[in-house]
Amino acid sequence: MSRQRLTIGTFGDIGFLTSANGRVVARARYRDWDGKNRLVQATGDTQRAAELALKAKLAERTLFQPGGSALTPDSPFPDLVAYWLEDLELEDRLSKTTLQLYERNMRTLVLPAFEHLTLREIGVARCDHFLKQLAKQSYNRAKQARVALKLALGLAVRHEVLPRNPMDHVSRLRRPASTPNALTPAEVNAIRAAIAYWEAGRSPSGPKPDGQLSAIVEVMLGTSTRIGEALAIRRRDIDITSATPSIRISGTIVTHRGEPTMRQDHPKTAKSRRTVAIPSFTAEAVRRRLTRLEDSSLDALLFCSREGTPLTTNNVRRQLRHVLDLAGITGVTPHMFRRTVATAINEQGGVELAAELLGHTDPKITIQHYIRRNEMVNPATAEMLDRVFSREE
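Going by this note's numbering, the sequence shown opens with residue 10, and the numbers climb by one from there.
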């Protein structure tokens, strides 16, 4: 009679032998998830110790079902990183910018802390401690590291290398309390004046201005666009002949590692494509800029180099910082104009309208990251309290 086949995930009789050094070896046949029987063994000083060690090893083995990859729970973490990055490429779901961001965060933030560990050794406590230590240095770094680590370990779970994702159980990161910073109308006009002074050629340093910086600022103030979205506006996106002038926000400028700067055919997210009615100060800046464009094609960028190529966001940031430094104005970034617009529209028309203008699907994002809180309570409370508690004469 043939021997009965073991059920997958179970083992047969345990046998013992004594090695040359006197230690006891316990071993048994185990039927793995692929259906193959494999010999598993463990050693101990006594038969009982060897048996317990073997059973512990077998119990641990049943937790892991090998998938289609060559990864196992004992694979080094860098092997998972390489496999994860390859899988992201195969998915073809993320933009190249996001892929490069994930890879950079993994290699600079996560890998140094986990590169000498196997997947089996990465548990909840280790991940939790890592994120808390990183959060002491920077909340944003810890947040970015958490995303990358959770995605990589999540792939190991989906491909049945690990039974669970330890990142599902780490403590929640606590964001430091902060208030979105926005400019006042007086500060906006001071920035305008500083740029106008520089563009008039009165500043003694730097290259000769081409007049684009002031127009870029007016476009950001009139549309709430991110710097990359403003630089991606084409002639075809502009309508300044109708009764209500408008600009369609349909792309952004990106720079991928090792590649020239290019226009991406959607903004930060595809859902944030929108057409924005523009105020008169933006329309006037756009008209002036259009008269200076040498390229008459519909795909010509509103803001570009002398060769017609896209401006890089870093260069515009650098130029703005340089001009404002000359005027003694510090701490202003292009993104601050977006927060300034959000704050102004919130005060004039409410948060729903501000979120719509910014291209946000959820007003909570607008409130949390873009709107400066007005600390002034409605003065009507003073009149109410006067009526209730006024002193009797």
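Here a beta-carbon is modelled for each residue, glycine too, at the ideal position from N, C-alpha and C.
If we ignore side chains and look at the alpha-carbon of each, how far apart do residue 259 and residue 41 end up? Along the sequence shown, read from residue 1 onward, the residue named residue 259 stands at position 250. Along the sequence shown, read from residue 1 onward, the residue named residue 41 stands at position 32. In a straight line, the C-alpha of residue 259 is about 53 Å away from that of residue 41.
Count the C-beta pairs between the segment 86-96 and the segment 121-133 that are closer than 8 Å, then say yes if the count reaches three, no if not. yes
Kindly provide the ranges of any alpha helix (DSSP H) runs that are 4 or more residues long and lie completely inside the segment 222-291, ordered along the chain. 236-240
Could you check whether residue 256 and residue 272 sit closer than 9 Å to each other, using their CB atoms as the reference points? Walking along the sequence shown from the start, residue 272 turns up at place 263. Walking along the sequence shown from the start, residue 256 turns up at place 247. No; because the gap between Cβ atoms is not below 9 Å, this pair is not in contact.
Residues of its chain near residue 301, where Cβ-Cβ distance is below 8 Å and the 5 sequence neighbours each way are ignored: To locate residue 301, count along the sequence shown from 1; it is residue 292. 220, listed in sequence order.
Is it right to say residue 146 is buried, meaning 16 or more other beta carbons lie within 10 angstroms of its own, or is it exposed? For this step, residue 146 is matched to residue 137 along the sequence shown. So residue 146 ends up on the exposed side.
Rank 34, 141, 321 and 284 by C-alpha distance to the C-alpha of residue 270 and give the top, closest one. To locate residue 270, count along the sequence shown from 1; it is residue 261. Nearest of 34, 141, 321 and 284 to residue 270, Cα basis: 321.
Under 9 Å between the Cβ atoms of residue 197 and residue 349? Your numbering for residue 197 matches position 188 in the sequence shown. Your numbering for residue 349 matches position 340 in the sequence shown. Against a cut-off of 9 Å, the Cβ pair of residue 349 and residue 197 comes out as a contact.
Going straight from the alpha carbon of residue 398 to that of residue 382, what length do you get? What you label residue 398 is simply residue 389 of the sequence shown in a count that begins at 1. What you label residue 382 is simply residue 373 of the sequence shown in a count that begins at 1. If you take the alpha carbons of residue 398 and residue 382, they lie about 29 Å apart.
Give a yes or no on whether the C-beta atoms belonging to residue 312 and residue 230 are separated by under 9 Å. Here residue 312 refers to the residue found at position 303 of the sequence shown. Here residue 230 refers to the residue found at position 221 of the sequence shown. It is not a contact, given that the beta carbons lie outside the stated cut-off.
Could you give the distance in angstroms between the alpha-carbon of residue 362 and the alpha-carbon of residue 226? For the purposes of this step, residue 362 is taken as residue 353 along the sequence shown, with counting starting at 1. For the purposes of this step, residue 226 is taken as residue 217 along the sequence shown, with counting starting at 1. Approximately 21 Å, taken between the alpha carbons.
Which value, in whole angstroms, describes the spacing of the CA atoms of residue 183 and residue 338? Taking the sequence shown and counting its residues from 1, one reaches residue 183 at position 174. Taking the sequence shown and counting its residues from 1, one reaches residue 338 at position 329. Residue 183 and residue 338: Cα-Cα distance of roughly 32 Å.
Would you call residue 149 buried or exposed, if buried means 16 or more other Cβ atoms sit within 10 Å of its Cβ? The residue labelled residue 149 in the question sits at position 140 within the sequence shown. Exposed, by the Cβ-count rule.
Would you list, in sequence order, the uninterrupted alpha helix (DSSP H) runs of no fewer than 4 residues that lie entirely inside the segment 319-356? 322-335
Counting only the same chain and skipping the five closest in sequence on each side, list residues whose C-beta sits under 7 Å from that of residue 199. As a working mapping, residue 199 is identified with position 190 in the sequence shown. Excluding positions up to five away in sequence, the list reads 338.
Just verifying my parser: in three-state terms, what is the DSSP assignment at residue 149? Taking the sequence shown and counting its residues from 1, the one referred to as residue 149 is at position 140. The answer is helix: DSSP assigns residue 149 an H, G or I state.
Status (buried if at least 16 other CB within 10 Å, exposed otherwise) for residue 186: Reading the sequence shown from its first residue, position 177 is the one you call residue 186. With fewer than 16 other Cβ atoms within 10 Å, it is exposed.
Report the three-state DSSP secondary structure of residue 46 (helix, strand or coil). Taking the first residue of the sequence shown as position 1, residue 46 is located at position 37. Of the three classes helix, strand and coil, the one that applies to residue 46 here is strand, per DSSP.
Considering only the alpha carbon of each residue, which of 365, 80, 140 and 14 lies closest to residue 167? Here residue 167 refers to the residue found at position 158 of the sequence shown. For the residues 365, 80, 140 and 14, the minimum Cα distance to residue 167 belongs to 80.
Excluding sequence positions up to five away, which residues of its chain have a Cβ less than 7 Å from the Cβ of residue 189? Against the sequence shown, residue 189 aligns to sequence position 180. Correct list, in chain order: 348, 378, 379, 380 and 381.
Beta carbon of residue 397: closer than 8 Å to some heavy atom of the ligand GDP? Summarising the ligand content, the structure contains no ligands, and the ligand GDP is consequently not present.
Whether or not the segment 101-119 and the segment 164-178 are in contact is what I'm after, with contact meaning three or more pairs of Cβ atoms, one per stretch, closer than 8 Å; do they touch? no
Have a look at residue 56 and residue 13 and give me their C-alpha separation to the nearest angstrom. Working through the sequence shown from its first residue, we reach residue 56 at position 47. Working through the sequence shown from its first residue, we reach residue 13 at position 4. Going from the Cα of residue 56 to the Cα of residue 13 covers about 27 Å.
Where do the N-terminal and C-terminal ends of the alpha helix (DSSP H) with residue 40 fall, by residue? Start at 1 with the first residue of the sequence shown, and residue 40 comes out as number 31. Run containing residue 40: none in the alpha helix (DSSP H); it sits in the beta strand (DSSP E), 33-40.
Sub-9 Å separation of residue 143 and residue 180 beta-carbons: Within the sequence shown, residue 143 is the residue found at index 134, counting from 1. Within the sequence shown, residue 180 is the residue found at index 171, counting from 1. It is not a contact, given that the beta carbons lie outside the stated cut-off.
Starting from residue 398, trace the alpha helix (DSSP H) in both directions and tell me its first and last residue. Residue 398 sits at position 389 when you count from the first residue of the sequence shown. Residue 398 -> alpha helix (DSSP H) spans 389-398.
With DSSP run on the structure shown, which of helix, strand or coil describes residue 375? Translated into positions along the sequence shown, residue 375 becomes position 366. In the structure shown, residue 375 sits in a helix (DSSP, three-state: H, G or I).
I'd like to know whether the C-beta atoms of residue 291 and residue 253 end up nearer to each other than 9 Å. By one-based count along the sequence shown, residue 291 stands at place 282. By one-based count along the sequence shown, residue 253 stands at place 244. No, they are not a contact pair.
Buried or exposed for residue 102, going by 16 or more other Cβ atoms inside 10 Å? On the sequence shown, position 93 is the one that residue 102 refers to. Label assigned to residue 102: exposed.
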